[in-house]
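Mapping the sequence shown onto my numbering, position 196 (from 1) lands on 182, and the numbers just tick up by one. Encoded as structure tokens, the structure appears first; notes follow it.
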Amino acid sequence: MARVYQGYDSNLDRYAAVKVISGDFATADEAEYTERFQKEARAIARLDHPNIVSIHQYGQAEGVHYMAMAFIDGEDLRQRMKRYAKQNQHIPFGEVLSVARAIASALDHAHIQGVIHRDIKPSNIMINKEGKGVLTDFGLALSVPEGTMGDTFGTAHYIAPEQAVSSARAVPQSDLYALAVVLYEAFAGRVPFDEPSAMSVALKHLNDTPPPPSFFNPAIPATVERVLLKALSKEPKDRYLTGQEFVAALEAALKESEGDTQELDTSQALPPLGAASTFGPPTPPSHPYGSSSLQEYMNSLQRASSQDLDRPTTSGFGSGNNPPSGMYPPYGTSPYPPTMPFPPQQQRNSLPLILAFLALLGVILIGVFFVLNQDDNNNVSNAGDSAGTAAAIALSVRRTELADARNETATFLALATHTP
């Protein structure tokens, strides 16, 4: 919608961040975007807080609408996380807590003023040279009514469940949910849900339980994990009600864990981000919606089974690959009761016995031939029945997938695809 440039105010001898409406949006529906742009400027002007970017001027020059804001000399949180990731590290807990304090305080102030940000994400959090966090980009705070241009405002990877359904349902706790996702990413090195499409991500925020962040970064204390997962509750009433409450719980969790972790010294290098997990085979999804198709899910189970078969079996069967004692009889013995031995045979002419045996064998072979021929006919019939059953199952699954896709498309057609 807009672009931000570094400008210089020659009258006041200072730099400024100048935000202008992108030409593509301006020509598409100038009146609508001009109104939204003006509302953003007024929203920022209402907020007087050290951790919220301040606005210097709003106006129009040569047909271009602009707002001049305080220039923050630093980097955004996304850039900082990438910088640590290049060194195979996560942001130290102390820095994460400092950012949490600043943004939570800014959100509480905005919420008191009746402003809901609706787009909390790392790229909208600036960190200046002194390490102070500053909240920016209120472009979605006061939006046009839902449905205009098909937008559901927010960034899918950080969107609260209620906001994913409708931007009109956003509440102050929606911003705190997004902040919890940001902190989760800072602690764990990745967001809780990551899928190729924005729709798939939003569906996971709606339906799936987020994986524990310690799954991706074992250095995260259990106390911190509990705080993050509470802040990521599906229902707003189950989350922390204010940013102050959220940060207080996070501070208490870190303080409680100081005796259990050495990560607070911020010098400990962690495993490379994105490294393959060694926590076992994949588990079934907690909800039928998701990015994986039925076939992909079955393939994952098959891969897990293959991994188990390739692994040397040592549990459940004693040592090595041998069955436990008592499951099968010892080698060289029979599981059946012993039979009486044949009496010793007397020396006699064996030719009649051989001829009789051959005749009996011929009868048996003829009988076996007819039985096998009958079985082959049955097998052909059974194979046809099996193929028909498989086709019916495949058709049923395909119809179900198409129905699910239609339902998902109808429900989330308005989902925005902003880049996190």
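C-beta atoms are modelled at their ideal positions from N, C-alpha and C, and glycine is treated no differently. This one's a predicted model, so the numbers in the text were calculated from it and none came from an experiment.
Other residues of its chain near Glu211: CB distance less than 7 Å, five sequence neighbours each side excluded:
If you number the sequence shown from 1, residue 211 lands on position 225. Excluding its 5 nearest sequence neighbours in each direction, Glu211 has C-beta neighbours in its own chain below 7 Å: Pro198, Pro199, Ser200, listed in chain order.
Alpha carbon of Tyr44 to alpha carbon of Glu181, nearest angstrom
By 1-based counting over the sequence shown, the position of residue 44 is 58. By 1-based counting over the sequence shown, the position of residue 181 is 195. Spanning the two alpha carbons is a distance of roughly 38 Å.
What's the C-alpha gap between Gln159 and Ala2?
Position 173 of the sequence shown, counted from the start, is the residue given in the question as residue 159. Position 16 of the sequence shown, counted from the start, is the residue given in the question as residue 2. Answer to the nearest angstrom: the Cα atoms are 32 Å apart.
Can a CB atom of chain C be found closer than 9 Å to the CB of Ile106?
The chain labelled as chain C is not found in the depicted structure, where only one protein chain is given.
Spatial distance of Tyr170 from Gly(-7) (CA atoms):
On the sequence shown, position 184 is the one that residue 170 refers to. On the sequence shown, position 7 is the one that residue -7 refers to. C-alpha separation (whole angstroms): 34 Å.
For Ala154 versus Ile206, is the C-beta distance shorter than 9 Å?
As a working note, residue 154 is residue 168 in the sequence shown. As a working note, residue 206 is residue 220 in the sequence shown. If you check the CB distance, Ala154 and Ile206 do not come in under 9 Å.
Between which two residues does the beta strand (DSSP E) carrying Glu171 extend?
Along the sequence shown, read from residue 1 onward, the residue named residue 171 stands at position 185. That residue, Glu171, is in no beta strand (DSSP E); its alpha helix (DSSP H) goes 158 to 174.
May I have a chain-ordered list of the alpha helix (DSSP H) segments no shorter than 4 residues that lie completely inside the segment 13 to 82?
Taken in chain order, the whole alpha helix (DSSP H) runs of length 4 or more contained in the segment 13 to 82 are 16 to 32, 63 to 72.
When you compare only the Cα positions, how much space is there between Phe124 and Asn203?
By one-based count along the sequence shown, residue 124 stands at place 138. By one-based count along the sequence shown, residue 203 stands at place 217. When rounded, the distance between both Cα atoms is 32 Å.
Exposed unless 16 or more other CB atoms sit within 10 angstroms - verdict on Asn(-3):
Against the sequence shown, residue -3 aligns to sequence position 11. By the 16-neighbour rule on beta-carbons within 10 angstroms, Asn(-3) is exposed.
Taking contact to mean 3 or more Cβ pairs, one atom from each stretch, closer than 8 Å, check whether the segment 45 to 58 and the segment 93 to 102 are in contact.
Contact check between the segment 45 to 58 and the segment 93 to 102: fewer than three CB pairs, one atom from each, fall below 8 Å, which does not count as touching.
Beta-bridge pairing of Gly119 - partner residues as DSSP gives them:
Position 133 of the sequence shown, counting from 1, holds the residue named residue 119. For Gly119, which the question treats as bridged, DSSP gives the partners Ile113.
Mark Gly119 as exposed unless 16 or more other C-beta atoms lie within 10 angstroms of its C-beta, in which case mark it buried.
For the purposes of this step, residue 119 is taken as residue 133 along the sequence shown, with counting starting at 1. Label assigned to Gly119: buried.
Neighbourhood of Arg64 by C-beta distance below 6 Å, restricted to the same chain and skipping five residues each side:
Sequence index remark: in the sequence shown, residue 64 carries index 78 (1-based). Within the same chain, Arg64 has close Cβ partners Pro108, Ser109.
Nearest-angstrom Cα distance between Val39 and Asp194?
Position 53 of the sequence shown, counting from 1, holds the residue named residue 39. Position 208 of the sequence shown, counting from 1, holds the residue named residue 194. Distance between the alpha carbons of Val39 and Asp194: 34 Å.
In angstroms, rounded to a whole number, what distance separates the CA positions of Lys216 and Ile113?
Position 230 of the sequence shown, counting from 1, holds the residue named residue 216. Position 127 of the sequence shown, counting from 1, holds the residue named residue 113. Pairing Lys216 with Ile113, the inter-Cα distance amounts to about 26 Å.
Other residues of its chain near Tyr226: CB distance less than 8 Å, five sequence neighbours each side excluded
Translated into positions along the sequence shown, residue 226 becomes position 240. The residues are Gln159, Leu162, Lys216, Ala217, Phe232, Ala235.
When DSSP labels each residue in this structure, what does Gly409 get in the three-state scheme?
The requested residue 409 is not part of the displayed model; the chain covers only -13 to 406.
Quick one, which of His191, Asp34, Ser243, Asp59 has its alpha-carbon nearest Glu148's?
In the sequence shown, counting from the first residue as 1, residue 148 sits at position 162. Here the closest residue by C-alpha is His191.
Hey, quick one: how far does the beta strand (DSSP E) through Val(-10) stretch, first residue to last?
Position 4 of the sequence shown holds residue -10. Where Val(-10) is concerned, the enclosing beta strand (DSSP E) stretches over -12 to -5.
At the level of alpha carbons, what is the spacing between Leu256 and Met67?
By one-based count along the sequence shown, residue 256 stands at place 270. By one-based count along the sequence shown, residue 67 stands at place 81. Note that Leu256 has pLDDT 35, beneath the 50 cutoff, so the model's placement of it is unreliable and the number below is only indicative. Their backbone Cα atoms lie some 14 Å apart in a straight line.
Going by C-alpha distance, which of Leu240, Lys72, Lys115 is nearest Phe57?
One-based indexing of the sequence shown puts residue 57 at position 71. The option with the nearest alpha carbon to Phe57 is Lys115.
State the CB to CB distance for the pair Asp62 and Ile111, rounded to an integer number of angstroms; the pair is presumed to be in contact (CB under 8 Å).
Within the sequence shown, numbered from 1, the residue matching residue 62 stands at position 76. Within the sequence shown, numbered from 1, the residue matching residue 111 stands at position 125. About 6 Å separates the two Cβ atoms, so the contact holds.
If the criterion is Cβ atoms closer than 9 Å, does the pair Ile106 and Leu83 meet it?
Here residue 106 refers to the residue found at position 120 when the sequence shown is read from its first residue. Here residue 83 refers to the residue found at position 97 when the sequence shown is read from its first residue. Taking 9 Å as the Cβ cut-off, Ile106 and Leu83 do not qualify as a contacting pair.
Beta strand (DSSP E) segment containing Glu223, residue limits:
The count along the sequence shown starts at 1 and reaches residue 223 at position 237. Before going on, a small fix: residue 223 reads as Lys here, not Glu. For Lys223, no beta strand (DSSP E) encloses it, and the DSSP letter there is neither H nor E.
Report the rounded CA-to-CA distance for Pro178 versus Ala(-12), giving the unit in angstroms.
The sequence position of residue 178 within the sequence shown is 192, counting from 1. The sequence position of residue -12 within the sequence shown is 2, counting from 1. Going from the Cα of Pro178 to the Cα of Ala(-12) covers about 28 Å.
Simplified DSSP assignment, three categories, for Ile206
Stepping through the sequence shown from its first residue, residue 206 is reached at position 220. Ile206 falls in the coil class under three-state DSSP.
Report the CB separation of Ala150 from Ala188 in whole angstroms; it is logged as a contact under 8 Å.
Sequence index remark: in the sequence shown, residue 150 carries index 164 (1-based). Sequence index remark: in the sequence shown, residue 188 carries index 202 (1-based). About 4 Å; that satisfies the 8 Å criterion.
At the level of alpha carbons, what is the spacing between Ser183 and Gln75?
On the sequence shown, residue 183 is found 197 positions in, with the first residue counted as 1. On the sequence shown, residue 75 is found 89 positions in, with the first residue counted as 1. Cα-Cα distance, rounded: 27 Å.
For Asp(-5), which residues in the same chain have their Cβ closer than 6 Å to its Cβ, ignoring the five residues on either side in sequence?
Locating residue -5 in the sequence shown gives position 9, counting from the first residue. Around Asp(-5), the same chain offers Ala2 as residues with beta carbons nearer than 6 Å, after the five sequence neighbours per side are excluded.
Have a look at Thr228, Leu240, Ala238 and flag the residue whose alpha-carbon is nearest the alpha-carbon of Ala92.
In the sequence shown, counting from the first residue as 1, residue 92 sits at position 106. For the residues Thr228, Leu240, Ala238, the minimum Cα distance to Ala92 belongs to Thr228.
Assigned exposure category for Tyr144 - 16 Cβ within 10 Å defines buried
Position 158 of the sequence shown holds residue 144. With 16 or more other Cβ atoms from the protein chains shown falling within 10 Å of its own Cβ, Tyr144 counts as buried.
If distances are taken between C-alpha atoms only, which option among Arg32, Ala156, Arg176 comes closest to Tyr70?
Working through the sequence shown from its first residue, we reach residue 70 at position 84. Nearest C-alpha to Tyr70: Arg176.
Limits of the unbroken beta strand (DSSP E) element including Ala3
Position 17 of the sequence shown, counted from the start, is the residue given in the question as residue 3. Per DSSP, Ala3 belongs to the beta strand (DSSP E) from 0 to 7.
Tell me the residue span of the alpha helix (DSSP H) that contains Ser186.
Within the sequence shown, residue 186 is the residue found at index 200, counting from 1. For Ser186, the uninterrupted alpha helix (DSSP H) run begins and ends at 184 to 193, by DSSP.
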